[in-house]
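Before any comments, here is the structure.
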Amino acid sequence: MNAALPPRGAPLLRAEGIGISFGGLRALDGVGFEARAGEVLAVIGPNGAGKTTLFNIVTGLYRAGSGRILLDGANVTEAPPHHLAAAGLSRTFQNLQVFFRMTALENVMAGRHLREGSGLLADLFRLPRTRRDNEATRQAAMALLDWVGLADKAEIPAGSLPYGALKRLEIARAMATDPRVLMLDEPAAGCNPVETEEIDHLIAEVAARGVAVVLIEHDMKLVMRISRHVVVLNQGRLLAAGTPAEVRNNPAVIAAYLGTHGAAEASRGSARDNARGSARDDARGSARDDPRGDAHA
Ligand SMILES: Nc1ncnc2c1ncn2[C@@H]1O[C@H](COP(=O)(O)OP(=O)(O)OP(=O)(O)O)[C@@H](O)[C@H]1O
Ligand SMILES: [Mg+2]
């Protein structure tokens with residue numbers, strides 16, 4: 027992983043006053059957040075709140091109508107996606123973006139190549155440096171597959187892997203660029219409780235290595251368990267921001283997002299967390315796609 031990560035808690039990615047409209051729809055209006063090294067920042071909010079749109083702006087897929095984005099202090103508001111990737115910003119997508127005909131290993135290597143870039147001419151003539159680079163890329167990709175528990179599936183076409191494995195494969199591929207900031211758009215959506223727990227572990231490990239993680243997630247228990255800060259969006263606006271406990275107890279969040287019943291359950295979950303030190307088992311049996319369903323699962 028990246029050896030040049032800043033100290034834990036250092037601000038790495040900052041979005042300020044982000045706004046965008048699609049036709050007449052104000053999808054985001056004055057939204058901001060700050061992601062710090064070694065911490066998980068969760069972005070939550072009901073369906074259509076603007077979470078994915080925010081990711082699309084920050085990663086350069088959409089051009090913000092207003093606001094600015096700073097990556098490690100540099101203004102990258104207008105930067106294209108490949109520039110941001112090279113600068114240490116990596117992401118996964120809400121819908122699987124796997125090359126199904128390629129093997130698991132090739133999928134991760136494809137991510138890695140983004141960073142290595144030994145050059146077209148060297149590739150064409152298969153110069154020695156390229157072969158060495160390819161071997162290094164292959165080894166690094168294998169290490170990532172091993173990390174996500176897919177080492178024995180390296181040579182299998184990605185299309186024949188089960189869904190939970192594909193979600194882990196995407197995390198491996200996103201990590202192949204040695205990012206300083208990893209943005210995950212619903213990495214556990216559609217996963218069963220065991221798969222969710224595995225992904226939860228991976229995210230915690232990424233953060234523990236000093237990467238700033240920005241996580242869109244509907245599973246409230248996962249959010250409460252692994253995030254340091256939470257940003258709540260509602261209808262394109264910032265509804266609340268703070269620690270998981272602050273957000274959970276925020277009346278606006280309770281009214282607009284969790285629902286009164288859900289907030290009460292979440293509070294009880296937090297009491298259990300404190301008592302046990304960990305509530306990992308609580309992930310079992312929780313629904314994932316409906317935030318309200320999650321909160322009172
Ligand atoms: N390219 C686009 N063109 C037009 N409207 C868009 C576009 N992208 C997003 N929107 C609209 O912006 C709003 C926010 O969508 P977005 O996908 O960001 O929500 P979300 O919070 O990620 O929701 P979900 O939890 O369902 O994934 C929605 O009303 C959506 O229809
Ligand atoms: Mg989305």
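If you use our numbering, the sequence shown corresponds to residues 27 to 323, in order.
Positions of the beta carbon are idealized from the N, C-alpha and C atoms, including for glycine.
This structure is a prediction, so every number in the text was calculated from the model and none was measured.
The alpha helix (DSSP H) enclosing residue i, as first and last residue numbers
i, result
"F119", "Taken as a continuous stretch (DSSP letters only), F119 belongs to no alpha helix (DSSP H), as it is neither H nor E."
"A63", "Neither: A63 is in no alpha helix (DSSP H) and is coded neither H nor E."
"A271", "270 to 274"
"I83", "77 to 84"
"V239", "Unbroken run through V239 is the beta strand (DSSP E), 238 to 242; no alpha helix (DSSP H)."
"P33", "Careful: P33 lies outside any alpha helix (DSSP H) and carries neither H nor E."
"M250", "246 to 252"
"Y189", "189 to 201"
"L110", "107 to 112"
Whole-angstrom distance between residue j and residue i, CA atom to CA atom
i, j, result
"G114", "L176", "24 Å"
"A36", "P188", "37 Å"
"P107", "E223", "30 Å"
"S296", "G236", "Note that S296 has pLDDT 40, beneath the 50 cutoff, so the model's placement of it is unreliable and the number below is only indicative. Rounded to whole angstroms, S296 to G236 spans 25 Å at the Cα level."
"A198", "R263", "32 Å"
"L96", "R206", "13 Å"
"A234", "K77", "24 Å"
"P32", "I280", "35 Å"
"G43", "A200", "27 Å"
"H109", "K247", "34 Å"
"E104", "G86", "7 Å"
"D178", "R194", "14 Å"
"N82", "V273", "24 Å"
"V232", "A75", "26 Å"
"A112", "L51", "32 Å"
"E196", "M250", "23 Å"
"R294", "I46", "Residue placement at R294 is flagged as unreliable, the pLDDT there being 43, under the threshold of 50; a coordinate-derived value is accordingly withheld."
"G64", "A215", "23 Å"
"Q120", "P213", "7 Å"
"C217", "D245", "11 Å"
Residue i versus the options, residue with shortest Cα-Cα distance
i, options, result
"G99", "L39, V84, A112", "L39"
"L171", "S186, A202, E161, N160", "A202"
"V124", "E104, A191, E42", "A191"
"N160", "V134, V174, D211", "V134"
"A53", "G71, E221, A61", "G71"
"N101", "A136, A41, G58", "A41"
Residue range of the unbroken beta strand (DSSP E) whose run includes residue i
i, result
"P37", "37 to 48"
"D226", "Where D226 is concerned, there is no enclosing beta strand (DSSP E), although the alpha helix (DSSP H) it sits in stretches over 219 to 234."
"I95", "92 to 97"
"N260", "255 to 260"
"V207", "207 to 211"
* Asked: Should the stretch 177 to 188 be called in touch with the stretch 113 to 133, which here means at least 3 C-beta pairs below 8 Å?
  -> yes
* Asked: Can you list every residue whose CB sits closer than 7 Å to some heavy atom of ligand 2, going in chain order?
  -> K77, T78, Q120, D211, E212, I242
* Would you check if there are 3 or more beta carbon pairs closer than 8 Å linking the stretch 163 to 177 to the stretch 85 to 95? => no
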